[in-house]
Structure formats: structure tokens, C-alpha cells
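**Student:** Once you've had a glance at the structure underneath, I'll fire off some questions.
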Amino acid sequence: MASAVTPRNEDYSQWYLDIVKNANLAQNSAVRGCMIIKPYGYGIWERMQRQLDDMFKETGHQNAYFPIFIPKSFLSKEAAHVEGFAKECAVVTHYRLMNDPNGEGVIVDPSAKLEEELIVRPTSETIIWNTYRDWVTSYRDLPLLINQWANVVRWEMRTRLFLRTAEFLWQEGHTAHATEAEAQEETLKMQEVYATFAEEFMAMPVLRGVKTESERFAGAVNTYTIEALMQDGKALQAGTSHNLGQNFAKAFEVKFQDENNKEQYVWATSWGVSTRLIGGLIMTHSDDEGLVLPPKLAPIQVVIIPIPKPNEELDAKAHEIMAELKSRGIRVSYDNDKKKRPGFKFAENELKGIPVRLGLGKRDLANGTIEVARRDTKEKASQPLEGIVDHVASLLEEIQQNLFQTALDFREEHSHTVDTMEEFQAILDQDIPGFIYAHWDGTAETEQKIKELTKASIRCIPNDSVGEVGKCILTGGASERRVVFARAY
RNA sequence: CGGGGUAUAGCGAAGUCCGGUUAUCGUGCCUGCUUUGGGAGCAGGAGGCCCCAGGUUCGAAUCCUGGUACCCCGACCA
Numbered sequence: 092m093a094s095a096v097t098p099r100n101e102d103y104s105q106w107y108l109d110i111v112k113n114a115n116l117a118q119n120s121a122v123r124g125c126m127i128i129k130p131y132g133y134g135i136w137e138r139m140q141r142q143l144d145d146m147f148k149e150t151g152h153q154n155a156y157f158p159i160f161i162p163k164s165f166l167s168k169e170a171a172h173v174e175g176f177a178k179e180c181a182v183v184t185h186y187r188l189m190n191d192p193n194g195e196g197v198i199v200d201p202s203a204k205l206e207e208e209l210i211v212r213p214t215s216e217t218i219i220w221n222t223y224r225d226w227v228t229s230y231r232d233l234p235l236l237i238n239q240w241a242n243v244v245r246w247e248m249r250t251r252l253f254l255r256t257a258e259f260l261w262q263e264g265h266t267a268h269a270t271e272a273e274a275q276e277e278t279l280k281m282q283e284v285y286a287t288f289a290e291e292f293m294a295m296p297v298l299r300g301v302k303t304e305s306e307r308f309a310g311a312v313n314t315y316t317i318e319a320l321m322q323d324g325k326a327l328q329a330g331t332s333h334n335l336g337q338n339f340a341k342a343f344e345v346k347f348q349d350e351n352n353k354e355q356y357v358w359a360t361s362w363g364v365s366t367r368l369i370g371g372l373i374m375t376h377s378d379d380e381g382l383v384l385p386p387k388l389a390p391i392q393v394v395i396i397p398i399p400k401p402n403e404e405l406d407a408k409a410h411e412i413m414a415e416l417k418s419r420g421i422r423v424s425y426d427n428d429k430k431k432r433p434g435f436k437f438a439e440n441e442l443k444g445i446p447v448r449l450g451l452g453k454r455d456l457a458n459g460t461i462e463v464a465r466r467d468t469k470e471k472a473s474q475p476l477e478g479i480v481d482h483v484a485s486l487l488e489e490i491q492q493n494l495f496q497t498a499l500d501f502r503e504e505h506s507h508t509v510d511t512m513e514e515f516q517a518i519l520d521q522d523i524p525g526f527i528y529a530h531w532d533g534t535a536e537t538e539q540k541i542k543e544l545t546k547a548s549i550r551c552i553p554n555d556s557v558g559e560v561g562k563c564i565l566t567g568g569a570s571e572r573r574v575v576f577a578r579a580y
């Protein structure tokens, strides 16, 4: 049933598709560019959601929900915003169907044309700021800290499961503040929440940085990003946090009276991560045997396999171990399928990325042992049943740590510092190019030119970058610090 | 939107150039028996609008015309 995946070094894109398909994460749908997230894939998303939601709550945010439809006129109120999204919007023009008078099937009822067409949200800034106008009148109403979990639609030309789809699931935070400084603080705070989530839960190291003007969110003053490096040496923008300044407040007339009875526009932020994170998770840890999941996000952390097949004795012991593991909060399942052989189950559970496998056979019952196999290193060892729960609990932590460390080492190995275009190109010509730290003269023209020449873009200007005077690799113009280039998803 | 390609069983393919019995193979699926500490073996079985519409022909998966969908490469993007 579970067929092997294409090796990574043979065809990385195909490997990715094989993982998504064979690990039962998602599939293409009847609707072009839209994906069906299958239960196992959705289980990972649910764990991400739960954790992020807790982190949002801890930082003072509340959830709310705004409509999927946005009046067309709203979108055009912020000039940069409409320019950024206009080319990829789905538009609702009618509200009724009718039977086709000269044939079978149904047609759009031409008499049911909407007076004002509705846009399917590509993001919700406009409808939210149109609402915030009514919610905010006094400095006492601020800050307004709202998040929503939703789907959005961006009509993409070329799609890839999880990484880029026409419809995707995400969360979008939208906050309003009394001062510029507060908005900036919020923007950075949420970038750090995302970075913490990526590193501690996804075990995916990220660079924290700010986008250049041309890579900025449409309508933002500044866009902060977390950038991860995938196994094929391409960068993935994994989350963004925007300081929107007063752009949307002005466009939607969102004003408040301050303590001095003076009327002011509010300061705004927005921030989001999406199901794209699942793509990042796959491309950070998985191998040629299949998916590799960090224990903190794995829907199932431990699987117990009876060897060679279930029987009363093995079932009883397995249930005893399961109960103990569960009482420690470990998510465990028992693979008691009688039709499949152990070897098949091993391969199948590896494909699904389950972090720890426990093999329990008659030999083990006799010896008071159990076979413990870890997914990340594929090591297996016989362990005494006595104290197995403690052993598994600490092994899960160790795996979580190891995945992060391995990914971090990989990123360090594939981060380069160069000073000339020749060196720059040489790095990009490698099989696994990675991040390139180089000087840039700060102009959009140079950035564009480099992108055209090399297909590498500026991923970010790292938050922690130290000032270092240098010369732009393309123009030789003055530069005050290195920026990070990479080919990107 | 430009350039190229593909469409046959759940999935992957052969057959199409050169029209001709009942459309073939692998895999998966169902049943039974034997197996079982790393993806089992044998036997039997089910499963098809050969993308859609029209045309040529005694006869079309195959030839012709028109459509649709999907994939790859560019431009655009979380």
C-alpha cells in the first residue's frame, strides 16, 4: 500500500509531492489550485493552531471573525494594498442560479447581478479597518488586539500543495494602537512569537528580519519576517508581521480622542502564518523514508506494534503501556491490524513520521523488554519495560532537540558570506545554495537587477545584523550592513 | 497570459504512427489457504462513457474538426 518516495537527491519536488501524498497529508481537489487537507495533515494543523492560539492569548489577543466577502470598493481605499492584491482576487458577481432554459444543468441567473460586486478576501485588512472605525473612539478603546482564524483566497497561477494554493487556511492578527511606538512593539512581539513557535515547536530555525521595500506587504510601512532554510537550499518565508503605520487608519478614517481631547489616527499592525508552515515542516526534517515530525506537533507521538501480530497477551501488555503513556500526556496508538505484517507497519509508520515506535513481541514479554525505535536517527534498541514511560518521555524531548539542532547545523553549513558577484553566483550554482550574506546598495533597482540575473532575492535584513561598511556586490555602491539573499519558495 | 506536453480501471503505464475478434500489463482492492522480529507467497475474483462533442468509415482508444481539463517551462506571488 505505502509505496516508497522518490529520493530527495533525484527529484526534490517529486519527493515533496510523494511525502504529501503517501503520508496522507493532502491531495489536489476538483477545484484547480485548491487542496483537500486530509485528516492526518489537518491533525498537524490543529496542533499548530492550538499552540499558536495559546500564545496569542498569552500575549493579550482575542479571537473574532469577519466575513469572507469584502465589498469591492473597500479594497481600493488603500492605494498600495489594492495594487498588491488586485491581480489575484476572486470576485462574486451574482447571487442566484437558474435552470438552463435551453439545455441541462444550471446557469447564472442574469437578473441576479449584485449591485456591488464582492471580493473573496485575499486578506482582511479592509473589512476589519472599516469595522474598527466604529469600535474605536477613545484612547480607552486601545489597544485593540484581535486575531481571526480563517481561510483566504489568492488566485495563484501556479500552485503547490501547502506551499502555495489558491485557498489556504491561516490566522490573521489585526491590532490598533494609540502610538507609533506601541504598534512597532506589537509588530516585533508577534514576529518573536512566530519565531519561538517555529523553533520550539516546529524545530525549524528561522532568521528574524525585516523585508526590503519591494518585498513588503501591500500597505505596510514595514514587514518583519521569519525566514527558514529548506533542505534543498531554498528559503521559505514562514510568517510575517507588519507595521501598517497609519495607512489603513487614514484610508478608513479610524480616529480616537487622546487624553488631551485631541483627535488622532490610530497605529496598526497585522500578522499571519498559514498552512504553508506544514510545507516548511516537511522540507525541514523529512527524509527518503518519509515524513519526520517533531514530537510537539505529531498527532501521534508513539505507536506500539505487536510482533508478529496481535494476540491477547500482547494486547493486554500494550494497553497497559498505553495507559501509562497517556497518563503522562503522551499521544500513543496501538497498531493492532491483523492483516498487515510488522515490516509493513514499520515502513508505514516511518512514512507518517511518527517519532517513536515500540515493538512488542513474545520474546519481549519473556525478557521484560521492548524495542524502542526513533524516527529521526532510525536507531533502535531493546529497553527494559520497567521505566519505559520515563524513557519514552525523555526520548521525545531528545528527538525534538535533535531535530532542531540538525536543522540549525544544516542552516549554518549552508550560510555563506560573499563580497563579489562571482562568489555570489558560485554559491547559487551549488546543489544546495542556502543563505548568502552580502552587501547591497539599498536601492530597489539593484535588488531587482540581482534577482533578474540570479533568481535570488533579498529574504531579509536580519534584526540582529551588525553595522559593517562595505560595497554592494553588483554596483559597488556604499552599504552599511549585509543582507540575506537566497532563492526562495 | 505566452511556449511545450498529456488525457486508457483507484494509482502508474502499454496500445494510437499503420483503424479490425472479448482493450493489455503492473500495482492497489475483494475472497480463500499458507506465512509472520523490516514493505509475504499462491490461487481465484471484482473493477472501463479509452476526456467531451461532432465527423469519416462496414467498423474508431486509434483518423479528421472543435472544445475542456490537467502537467511542465517562463512572467506574477505567502
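Just so you know, we're using the numbering used here here: the first sequence kicks off at 92 and counts up by one.
All C-beta atoms, glycine included, are put in the ideal place defined by N, C-alpha and C.
Which of the three DSSP states is assigned to Ile-564 in this structure?
**Tutor:** Note: Ile-564 maps to coil in three-state DSSP.
**Student:** Can you grab the Cα-Cα spacing for the pair Asn-334 / Ala-498, in whole Å?
**Tutor:** Taking the straight line joining both Cα atoms gives about 30 Å.
**Student:** My assumption, with CB atoms under 8 Å, is that Tyr-230 sits in contact with Asp-109. Please give the rounded CB distance.
**Tutor:** That belief does not hold up - the Cβ atoms of Tyr-230 and Asp-109 are roughly 55 Å apart, past 8 Å.
**Student:** Checking 8 Å against the spacing of the C-beta atoms, do Ala-329 and Val-297 come in under that value?
**Tutor:** Cβ atoms of Ala-329 and Val-297: closer than 8 Å.
**Student:** Counting along the chain, where does the beta strand (DSSP E) carrying Pro-162 start and finish?
**Tutor:** Start and end: 160-162.
**Student:** Which stretch, first to last residue, makes up the alpha helix (DSSP H) that contains Glu-172?
**Tutor:** Note on identity: in this sequence residue 172 is His, with Glu being the wrong assignment. Segment 170-176, the alpha helix (DSSP H) holding His-172.
**Student:** Starting from the C-beta of Leu-565, find all residues in its chain whose C-beta is less than 7 Å away, skip the five residues before and the five after it, and write them out in chain order.
**Tutor:** Met-512, Thr-537, Lys-540 and Ile-541, listed in sequence order.
**Student:** Note the first and the last residue of the continuous beta strand (DSSP E) segment covering His-333.
**Tutor:** Element bounds for His-333: 326-336.
**Student:** Is the beta carbon of Ile-461 closer than 8 Å to that of Ile-479?
**Tutor:** Result yes, Cβ atoms of Ile-479 and Ile-461 sit closer than 8 Å.
**Student:** Taking the alpha carbon of Phe-292 as the point to measure from, which residue in His-152, Ala-389 and Val-301 has its own alpha carbon closest?
**Tutor:** Nearest C-alpha to Phe-292: Ala-389.
**Student:** In this structure, does DSSP put Ala-309 in helix, strand or coil?
**Tutor:** It is coil, neither helix nor strand.
**Student:** Three-state secondary structure (DSSP) at Val-483?
**Tutor:** Helix, per DSSP.
**Student:** In the DSSP output, what is Trp-581 paired with across the bridge?
**Tutor:** With the chain covering only 92 through 580, there is no way to say anything about residue 581.
**Student:** If distances are taken between C-alpha atoms only, which option among His-376, Asp-378 and Thr-217 comes closest to Lys-163?
**Tutor:** Closest option to Lys-163, Cα to Cα, is Thr-217.
**Student:** Tell me which same chain residues have a C-beta within less than 6 Å of the C-beta of Thr-97, skipping the five on either side of it?
**Tutor:** Around Thr-97: Gln-105, Trp-106 and Asp-109.
**Student:** Please name the residue, chosen from Ile-421, Asn-458 and Pro-401, that lies closest to Lys-436 on a Cα-to-Cα basis.
**Tutor:** Closest option to Lys-436, Cα to Cα, is Pro-401.
**Student:** When you compare the CB positions of Ala-294 and His-376, do they come within less than 8 Å of one another, or not?
**Tutor:** Contact: yes.
**Student:** For Glu-559, which three-state DSSP category applies?
**Tutor:** Here Glu-559 sits in coil by DSSP.
**Student:** Just to confirm, are Trp-240 and Gln-140 a CB contact at a threshold of 8 Å?
**Tutor:** It is a contact, given that the beta carbons lie within the stated cut-off.
**Student:** If we ignore side chains and look at the alpha-carbon of each, how far apart do Glu-101 and Asp-522 end up?
**Tutor:** C-alpha separation (whole angstroms): 12 Å.
**Student:** According to DSSP, simplified to helix, strand and coil, what is Glu-247?
**Tutor:** Here Glu-247 sits in coil by DSSP.
**Student:** For the alpha helix (DSSP H) containing Phe-515, name the first residue and the last one.
**Tutor:** Run containing Phe-515: 512-519, per the alpha helix (DSSP H) assignment.
**Student:** Can you name, in chain order, every residue of its own chain whose Cβ lies under 8 Å from the Cβ of Arg-422, other than the five neighbours on each side?
**Tutor:** Contacts found: Ala-389, Pro-390, Ile-391, Gln-392 and Val-393.
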